[in-house]
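For the record, in the sequence shown the residue sitting at position 126 is 126 according to my numbering, with numbers rising by one throughout. Glycine included, C-beta positions come from ideal geometry on N, C-alpha and C.
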Amino acid sequence: MQIHGIGGPRRGDSLKVPDAWAVQIAPGAVAAAGEAADRGGSGRPLQIAALRQGRAFRQGSAFGGLNSSGWGGFRLIGRAQLWHLLVSIAVLGLLAGCGGDHGGPQKAPTPSSPADARSQPAGRSAKAPAPREVWEVYLLKGQRVGYGTTKVQPEAKNGKELLRIEASQRYAIRRFDRLLEQEIWLTSLETPQGELLEFSTTVQQGEQPVKTVGRAVGNRLEMLIMSAGKTMPVNLPWSAEYGGFFRVDGSLLQKPLKPGEVRRLRVLVPGANSLGEVELRAAGFEPVALPAGSRELLRIDAVLRMSGGEMRYTAWSDPEGEVLRTVYHDALGLEMVRSTREEAIKPIPKSEFDLGWDVVVRLKQPIEDAHRRKSIRYRLTLPDADPSSLFAAGPGQQVERLTDRQAEVGVRLLKPGEQDAPAAASGRSDAAAGSSAADDRPTEADREANNYIQSDDPGVIAAAAEALKEPRADRTQPLSDWEKACRLESYVHRTMKRGGASQGFATAGEVAKNRMGDCTEYAVFLAALARSEGIASRVVGGLVYMEQAAGFGYHMWTEVFVDGQWTPLDATLGLGAAGPGRLRLRHSNLAAGDISALVLPVLQVVGKLQIDVVEVE
């Protein structure tokens with residue numbers, strides 16, 4: 001079976017899917033992405049050449065609105081707030097005035113208690129909807145970094161009126177003086193009330209896209225995740241309580257929030273391939289700046305909670321429930337603002353903001369030879385969160401809560417054969433997969449190939465064989481798992497080059513071919529090499545000390561399970577067992593193609609964290 005046009009960069013390409021998995025994705029769904037580019041004239045409306053000029057002294061481092069269409073009182077907005085989360089994750093994962101006839105507020109009683117996901121607003125009578133298209137611009141630190149467009153098309157299926165929602169998102173941003181460009185395509189088939197039937201997402205972060213297609217079947221959501229020759233089935237529990245990408249917007253449009261009202265909705269989070277809950281709290285009306293001028297809009301403070309953490313944002317809607325501006329507080333103030341197409345596709349000006357250098361957490365005093373020290377103790381401070389709830393206790397790392405805004409973290413050099421200290425009682429273990437204690441044993445997902453850690457890729461297998469081809473000096477003894485892991489780390493460090501293609505998160509199979517990337521590619525490649533040799537592995541997101549910046553930058557490394565415990569290795573540095581010049585946030589085996597567990601904690605600390613060195617040994 002083949003699925004055509006589900007959101008790849010080449011319209012007309014087809015994607016092979018097992019015949020037994022007969023999801024129906026309409027031909028041309030998300031062709032709007034390519035068409036939008038074509039209408040831009042040059043085919044590349046995101047004009048970013050000026051951004052390619054990096055700062056010379058850093059080179060060589062190691063590291064107004066659309067008209068609205070009515071539908072019997074139900075307004076089609078043509079974009080889904082939840083899709084903004086995918087942009088936020090993708091952007092930070094690199095490290096991640098509307099015209100029209102507004103009839104005024106709709107009459108809706110304010111509930112005395114929060115609305116549960118199971119008590120959805122009643123739908124309104126519907127006439128045949130008119131197709132429409134919406135454009136938005138994306139701003140980071142007040143500077144334009146990209147745009148998105150979404151199209152809503154009515155569609156009848158089996159006698160039911162449905163909505164086919166198609167979207168594309170493009171952005172470009174500098175990180176450590178390199179320009180990174182990413183594209184995302186999404187499509188879903190839903191009821192006007194937000195009930196999900198089918199969906200697809202495509203994220204172009206490396207040379208090959210990662211695609212997910214899914215369908216709701218009874219009490220489960222069936223998904224296929226596809227990347228560079230790898231297709232993995234993933235199922236999630238499902239029920240009518242959960243909605244698709246349009247759930248939040250559909251709820252607001254059918255029954256706009258009133259000041260003081262609270263609503264909770266259970267949703268599928270696009271790109272993260274996981275379930276979450278959105279809590280919406282309506283404050284009051286306030287003036288909001290929009291491209292066409294200031295307007296009185298309803299402020300909605302929201303939080304999305306999912307297994308990897310949470311994200312807070314504020315949305316401003318008009319009296320009819322149409323969101324015109326969104327700001328993500330946990331993502332450097334990433335903004336999405338309603339725009340015209342002409343405004344959205346304007347050339348992006350050269351930006352002085354660098355997502356790498358400008359978010360480094362600077363120290364008052366540098367740490368000499370930090371990565372070869374025996375141990376370092378840090379004091380972490382956040383203005384709006386408990387650091388002990390974000391920095392997970394794990395291999396070589398202990399976390400102690402001091403106050404609701406401060407914690408101390410002790411990190412030590414850990415090698416196999418050295419017993420790891422138990423996690424501090426007041427610290428938080430990594431909820432994604434256990435703690436540093438004895439119960440944190442490898443799972444099958446830590447050993448098996450998946451869409452990112454492609455340990456069964458022929459290029460990965462060949463690379464591992466090459467790395468281990470030289471026998472040890474004592475030829476009578478085979479290499480231990482630790483010796484293998486160290487050789488693999490050295491091999492990745494020695495054979496890879498930093499930089500290369502503009503990418504955010506390439507798969508191990510891609511890296512085996514091009515041998516280029518940054519810390520994410522180093523970490524994923526090493527994890528895949530280890531698994532190909534039967535060594536359980538996972539990747540870790542956190543911060544690493546950068547000597548040239550005298551501070552901590554956001555980073556990814558690898559953990560391998562040898563001699564009965566997890567031990568960190570960092571192929572970017574290539575020093576063997578990783579030293580204490582790092583702060584661990586969260587780990588993941590990337591089993592379901594979900595990088596949100598790694599990125600969400602970063603979103604909550606980026607641009608806010610203060611680090612003080614307490615003790616160095």
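- Leaving aside the five residues that flank glycine 576 on each side, the residues in its chain whose CB is nearer than 6 angstroms to its CB run, in chain order, Cys486.
- Looking only at Ala528, Glu296, Leu609 and Trp557, the smallest Cα-Cα distance to threonine 520 is reached by Trp557.
- Taken atom to atom, the span from the alpha-carbon of valine 540 to that of leucine 189 is near 35 angstroms.
- Residue pairing by DSSP places isoleucine 300 opposite Ala282 and Ala315 in a beta bridge.
- Taking a contact to require three or more Cβ pairs closer than 8 angstroms, the segment 408-420 and the segment 364-375 qualify as touching.
- Within the same chain, and ignoring the five residues on either side of arginine 281 in sequence, the residues whose Cβ sits closer than 6 angstroms to its Cβ are Val262 and Asp301.
- In the structure shown, the three-state DSSP call for tryptophan 135 is strand.
- Valine 337 and lysine 255 have their C-alpha atoms spaced approximately 22 angstroms apart.
- Under DSSP, the beta-bridge partners assigned to histidine 555 are Gly542.
- For glycine 146, same chain residues with a beta-carbon under 6 angstroms away, outside a window of 5 residues either side, are Tyr138, Arg170 and Tyr171 in chain order.
- Distances from the CA of asparagine 235 to each of Trp357, Lys484, Tyr242 and Asn273 were compared; the closest alpha carbon is that of Asn273.
- One alpha carbon belongs to threonine 191, the other to arginine 586, and they sit about 36 angstroms apart.
- Counting only runs of 3 or more residues that sit fully inside the segment 180-233, the beta strand (DSSP E) segments are 196-204, 210-217 and 220-227, in chain order.
- Annotation: the continuous beta strand (DSSP E) that includes glutamine 397 extends over 397-403.
- Its Cα nearest to that of alanine 578, the residue Val544 stands out among Asn589, Leu268 and Val544.
- When the beta-carbon positions are compared, valine 303 and glycine 607 stay at least 7 angstroms from each other.
- In the three-state DSSP reduction, isoleucine 595 falls in the coil class, being neither helix nor strand.
- Per the C-alpha coordinates, the member of Ile611, Val616 and Asp249 positioned closest to glycine 553 is Ile611.
- When only Cα atoms are considered, methionine 516 and leucine 268 end up about 33 angstroms apart.
- The C-beta separation of leucine 390 from glutamine 406 comes to about 12 angstroms, leaving the pair out of contact by the 8 angstroms criterion.
- According to the DSSP secondary-structure assignment, proline 256 is paired through a beta bridge with no residue.
- Listed in chain order, the non-local C-beta contacts of methionine 226 below 6 angstroms within the same chain comprise Lys211, local neighbours out to five positions each way being set aside.
- By the C-beta density criterion, aspartate 474 is exposed, having fewer than 16 other C-beta atoms within 10 angstroms.
- Around the beta carbon of alanine 228, 16 or more other beta carbons sit within 10 angstroms, so the residue counts as buried.
- Only residues of its own chain outside the window of five on either side were considered, and among them Gly551, Phe552, Leu609 and Ile611 have a CB closer than 6 angstroms to the CB of valine 361, listed in chain order.
- The C-alpha of glutamate 489 is placed about 7 angstroms away from the C-alpha of aspartate 570.
- For threonine 495, the enclosing alpha helix (DSSP H) begins and ends at 481-495.
- In terms of Cα proximity to aspartate 404, the closest of Asp386, Gly214 and Val562 is Asp386.
- Where glycine 509 is concerned, the enclosing alpha helix (DSSP H) starts and stops at 508-514.
- Classified as exposed, alanine 289 has fewer than 16 neighbouring CB atoms from the shown chains inside 10 Å of its CB.
- Aspartate 446 places its beta carbon less than 7 angstroms from that of arginine 538.
- Only residues of its own chain outside the window of five on either side were considered, and among them Leu252, Leu253 and Pro256 have a CB closer than 6 angstroms to the CB of glycine 321, listed in chain order.
- When C-alpha distances from glutamine 143 are compared across Tyr491, Ala549 and Asp354, the shortest belongs to Asp354.
- Put simply, the backbone Cα of glutamine 397 is about 25 angstroms away from that of methionine 311.
- The beta-carbon separation of glycine 244 and glycine 194, rounded to 6 angstroms, stays under the 8 angstroms limit for a contact.
- Looking at the backbone, the Cα of proline 209 and that of glutamate 510 are separated by about 11 angstroms.
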